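Peer 1:
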Amino acid sequence: MARRGKDKGDEGAAGSPADPKGDLMPDLDAAWVDRIRARLLEWYAGAARDLPWRADRDAYRILVSETMLVQTTVAAVVPFFHRFLERFPSVEALAGADEADVLKAWEGLGYYRRARQLQAAARAIVRDHGGRVPDDAEAIRALPGVGRYIAGAVLSFAYDRPAPIVEANTQRVLARWLSWPEPLASTKSQARLWLAAGRLVPEVDAGRFNQAFMELGAILCTPRAPMCLVCPVAADCLARLQGKQDSIPLAVPKAKPLDVEEACALVVRQGRLLVVRRSAGGLWQGFWEFPTVHRSGADPAGRIPVSEGDLAGGIPRLTGVEVSIGPKVHSLSYGVTKHKVRLTAYAAVGRSETTTPGPNLDRAEWADLAILEGLPLSGSARKLAAWVAARGLGSLGFDAD
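Following this note's numbering, the numbering of the sequence shown begins with 55 at its first residue and continues without gaps.
#1: Go ahead and pull the three-state DSSP assignment for S434.
#2: Taking DSSP's pairing of strands, which residues face D190 in a bridge?
#3: Using a threshold of 7 angstroms, state whether the C-beta atoms of A266 and L94 are closer than that.
#4: Quick one: Cα of A444 to Cα of G380, how far?
#5: Could you tell me which residues DSSP puts in a beta bridge with S387?
#6: In three-state terms, what does DSSP make of L312?
#7: In or out: R215 buried (at least 16 other Cβ within 10 Å) or exposed?
#8: On the criterion of 16 or more Cβ atoms from any shown chain inside 10 Å, does S434 qualify as buried, or is it exposed?
#9: In terms of residues, what are the limits of the beta strand (DSSP E) holding V208?
#10: Within the continuous alpha helix (DSSP H) that includes A92, where are the two ends?
#11: What residue ranges within the stretch 129 to 153 form continuous alpha helix (DSSP H) runs of no fewer than 4 residues, ordered along the chain?
#12: In the DSSP assignment, find the alpha helix (DSSP H) that holds L415 and state where it starts and stops.
#13: By Cβ distance, which residues of its chain are closer than 7 angstroms to A439, with the 5 residues on each side in sequence left out?
#14: Just how far apart, CA to CA, sit R103 and T398?
#15: Express the C-alpha separation of A178 and A147 in angstroms, rounding to a whole number.
#16: Between which two residues does the beta strand (DSSP E) harbouring V330 extend?
#17: Start and end of the alpha helix (DSSP H) containing I116?
#18: Going by C-alpha to C-alpha distance, which of W420, A250 and V128 sits closest to G404?
#19: Does the Cβ of E120 have 16 or more other Cβ atoms within 10 Å, making it buried, or fewer, making it exposed?
#20: Between which two residues does the alpha helix (DSSP H) harbouring Q171 extend?
#21: For A159, which three-state DSSP category applies?
#22: With distance defined between alpha-carbon atoms, name the residue in P106, G389 and D290 nearest to A85.
#23: Note down the Cα distance separating P286 from A101, rounded to an integer number of angstroms.
#24: What is the DSSP secondary structure of A352, reduced to helix, strand or coil?
#25: Would A113 and V208 be called neighbours here (beta carbons separated by less than 7 angstroms)?
#26: Under 7 angstroms between the Cβ atoms of L429 and W338?
#27: I'd like the span of the alpha helix (DSSP H) that includes G340, first residue to last.
#28: State the CB to CB distance for the pair T373 and A401, rounded to an integer number of angstroms; the pair is presumed to be in contact (CB under 8 angstroms).
#29: Under three-state DSSP, which class holds C318?
#30: Going by beta-carbon coordinates alone, are T276 and E316 separated by less than 7 angstroms?
#31: Work out the CA separation of R331 and L447 for me, nearest whole Å.
#32: Give every residue of the same chain whose Cβ lies closer than 6 angstroms to the Cβ of C318, excluding the five residues on either side of it in the sequence, and list them in chain order.
#33: For A130, which residues of its own chain have a beta-carbon under 8 angstroms away from its beta-carbon, when the five flanking residues on both sides are left out?
#34: Is F135 a contact residue of the ligand FMN, with contact defined as CB to any heavy atom under 6 angstroms?
#35: Where do the ends of the alpha helix (DSSP H) carrying A293 lie?
#36: Could you check how far apart the C-beta atoms of L328 and W231 are, in whole angstroms? I think they sit under 8 angstroms.
Dropping the structure here:
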């Protein structure tokens, strides 16, 4: 746990604006640190948003919210947070739940590995800590899925420990305060920003300071067009003083996403749809979807579509069911990890009944359309199921019998 005080290399440097290598280090100036703390907390008293996980200092609720907020906006998280806590109101309830129920409660929030890690953490808390989220830095970091940021958030928000936090908003704020010129993802940058965050977090009222710190980045010190004119700490921001607030942090071009073409079959037999469940080890493990084949990459002329022949041969391999492929009925595009996926759905008729799950699948079943609503579905399957439900099986153009 980082505390205000000396860090390695601080000796003889207190009060100096730069280290021997020329890096600006205002966080070694006690007066600068005190001004940042005081002005930030004063601003936060009137600017704090009313967010559900700020209603109390319940460590379990904070752990849930911070896990949800990783790579996800506050606006997106709020409704999921309410629903998740209604379904799993305590760490014991989450620890004892079936994984499929947890995934269903998380459905639509994305990054499902977080849900599995959160449940694994809950089970560890019940098993090893008597159902109480630990207030020790080493113990909380040992929980599944809990990295340095989530540990700092729980320790400071729930227990008011002076633990630093560096996440998307605070690292941008820190980079501007320090006029840090390098890409934020580098090892050197992360080390510097965590060092500064550790020097800034106060011994007392650490949780409120960290909340204010994050709030400033979310509301005023935004990625584009930061609102410096109304920022409470603009006078101590080195990037602002140097006129660099719009160029810091240094922007790094994102890699172009990889194109993937997918085709799935909405296979109907006796009023039911054929669905499959991914087996353990993959991105969508434990999730149900319509049987799908895919192709990665593109030829010089563009994407290579998945053919009807690919689908006709792939479905029996994936499910053991012989099918007749019909017309294209729907298409959608979505992004997942580093891929840009275009999915085309075909209507199809099942010509055999018995199912046998194929590669990377552990289940293949016939399901009533209404039952799909209760299953954890992949993002694309959820959209397709809603599309079919809105139109009925008759929209697929086949006789369901």
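Beta carbons: idealized from backbone N, C-alpha and C, even for Gly.
Model, not experiment: these values are computed from the prediction.
Peer 2: Result, derived from the coordinates:
#1: In the structure shown, the three-state DSSP call for S434 is helix.
#2: DSSP output for D190 lists no bridge partner at all.
#3: Contact: yes.
#4: Cα-Cα distance, rounded: 20 angstroms.
#5: Beta-bridge pairing links S387 to R396.
#6: Shown here, L312 sits in a strand according to DSSP, grouped into three states.
#7: Taking all protein chains shown into account, R215 has 16 or more neighbouring C-beta atoms within 10 Å of its C-beta and is therefore buried.
#8: Counting Cβ neighbours within 10 Å, S434 comes out buried, since at least 16 surround it.
#9: Annotation for V208: no beta strand (DSSP E) segment contains it, though the alpha helix (DSSP H) segment containing it runs R202 to Y213.
#10: Following the DSSP letters along the chain, one finds A92 inside the alpha helix (DSSP H) bounded by residues A84 to A101.
#11: Within the stretch 129 to 153, the complete alpha helix (DSSP H) runs of at least 4 residues are 145 to 149.
#12: Boundaries for L415: no alpha helix (DSSP H) harbours it, while the beta strand (DSSP E) harbouring it runs L415 to A421, taken from the DSSP string.
#13: Within the same chain, A439 has close Cβ partners L426 and L431.
#14: Annotation: R103 to T398 spans about 42 angstroms, alpha carbon to alpha carbon.
#15: Distance between the alpha carbons of A147 and A178 is about 13 angstroms.
#16: V330 -> beta strand (DSSP E) spans R326 to R332.
#17: From DSSP, the alpha helix (DSSP H) with I116 extends over A113 to L123.
#18: Closest by alpha carbon: W420.
#19: Taking a 10 Å sphere around the C-beta of E120, we find 16 or more other C-beta atoms and assign the residue as buried.
#20: First-last of the alpha helix (DSSP H) with Q171: R167 to H183.
#21: In the displayed model, A159 falls within a helix according to three-state DSSP.
#22: Nearest of P106, G389 and D290 to A85, Cα basis: D290.
#23: Those two C-alpha atoms are separated by around 11 angstroms.
#24: The pLDDT assigned to A352 is 45, lower than 50, so where the model puts this residue is not dependable; a value taken from the coordinates is nonetheless given after this. Three-state result, A352: strand.
#25: V208 sits close to A113, with the two beta carbons spaced by under 7 angstroms.
#26: No, the Cβ-Cβ distance between L429 and W338 is not below 7 angstroms.
#27: First-last for G340: undefined, no H or E at that position.
#28: Contact between T373 and A401 fails: their C-beta atoms lie close to 16 angstroms from each other, not under 8 angstroms.
#29: It is a strand residue.
#30: No; because the gap between Cβ atoms is not below 7 angstroms, this pair is not in contact.
#31: If I take the Cα positions, the gap works out to 21 angstroms.
#32: Within the same chain, C318 has close Cβ partners F344, T346 and A399.
#33: If we look at A130 and ignore the five residues flanking it on each side, its Cβ neighbours are L163.
#34: Absence of the ligand FMN from the depicted structure is noted, as is the absence of any ligand whatsoever, leaving it without description.
#35: Residues L292 to L295.
#36: Incorrect: roughly 56 angstroms between the Cβ atoms, too far for contact.
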